[in-house]
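Let me begin by presenting the structure, written as structure tokens, before commenting on it.
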Amino acid sequence: MSTVPERKRQTQIEGIQLLAGIVALMWIVEVINSLDANKLDNDGIYPRNLGRLWGILTAPFLHAGFGHLIANTVPFVFMGLIIALRGAARLAAVTLIVILVGGLGTWLIAPSHLANGQPVVTVGASGVVFGYAAYLLVRGLFDRSALELLIGAVVGVVWGGALLASLVPHSGISWQGHLCGAIGGVVAAWLLTSRRSRTAAAGERGGPAGALAK
Numbered sequence: 009m010s011t012v013p014e015r016k017r018q019t020q021i022e023g024i025q026l027l028a029g030i031v032a033l034m035w036i037v038e039v040i041n042s043l044d045a046n047k048l049d050n051d052g053i054y055p056r057n058l059g060r061l062w063g064i065l066t067a068p069f070l071h072a073g074f075g076h077l078i079a080n081t082v083p084f085v086f087m088g089l090i091i092a093l094r095g096a097a098r099l100a101a102v103t104l105i106v107i108l109v110g111g112l113g114t115w116l117i118a119p120s121h122l123a124n125g126q127p128v129v130t131v132g133a134s135g136v137v138f139g140y141a142a143y144l145l146v147r148g149l150f151d152r153s154a155l156e157l158l159i160g161a162v163v164g165v166v167w168g169g170a171l172l173a174s175l176v177p178h179s180g181i182s183w184q185g186h187l188c189g190a191i192g193g194v195v196a197a198w199l200l201t202s203r204r205s206r207t208a209a210a211g212e213r214g215g216p217a218g219a220l221a222k
């Protein structure tokens, strides 16, 4: 029979393994992409193109070169590791929600063409990075946890400046992807809030859930 510390340790190991698998997949894809003249970059998000809607799922694993991938890998691992310590299921849920919400938002609001008529294709895991950051920043508010609020504050201090700077429009950078990824992180934090925390919050407001809790 496993003890509680052993189960917790196993949960954390599984989360870290999933994170390592995601990062490994991104690097393997980029190696293949570089060997194929970066043709896979054409499989990203094409705004408001219904025929390429599936690009929402592939875009986070594609990067415009190893420099782009390295820049995303560092914060992805840093923040992903914090989430992974809650287990593989939590990491998978947060990642999927951020990819879907952030990707769909980018598909809806990003420009479809440049001024010269060239199609705009969005690739990269930076939207997921912003989603992870937003999730970590606000989950303490939803879970009503002092520890998670402290973790969010640390993330804000370490990465806040760089993340805010990336929301400013720059040539070749999808600020829409960053913004929508962050929104996805907030949605993930809300959806994954424990039922107990929601009930407690409703009780303080005197809502129906509070009456049921009594």
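The numbers in this note's numbering rise by one with no breaks, and the one at position 110 of the sequence shown is 118.
C-beta atoms are modelled at their ideal positions from N, C-alpha and C, and glycine is treated no differently.
- According to the DSSP secondary-structure assignment, Ile53 is paired through a beta bridge with Thr130.
- Here DSSP, grouped into helix, strand and coil, assigns His186 to helix.
- Note on Asp44: under 16 other CB atoms within 10 angstroms of its CB, so exposed under the neighbour-count rule.
- The region 187 to 201 and the region 104 to 117 touch, with three or more beta-carbon pairs separated by less than 8 Å.
- Inter-residue distance for Ala173 and Tyr143 is about 18 Å (C-alpha atoms, whole angstroms).
- Of the other Cβ atoms in all chains shown, fewer than 16 fall within 10 Å of the Cβ of His178; this residue is therefore exposed.
- Burial is judged here by how many other beta carbons sit within 10 angstroms of a residue's own beta carbon; Asn50 has fewer than 16 and is exposed.
- As the crow flies, the alpha-carbon of Leu48 is around 14 Å from that of Leu33.
- Under a 10 Å Cβ-count criterion, Gln18 is classified as exposed, with fewer than 16 other Cβ atoms of the shown protein chains found around its own Cβ.
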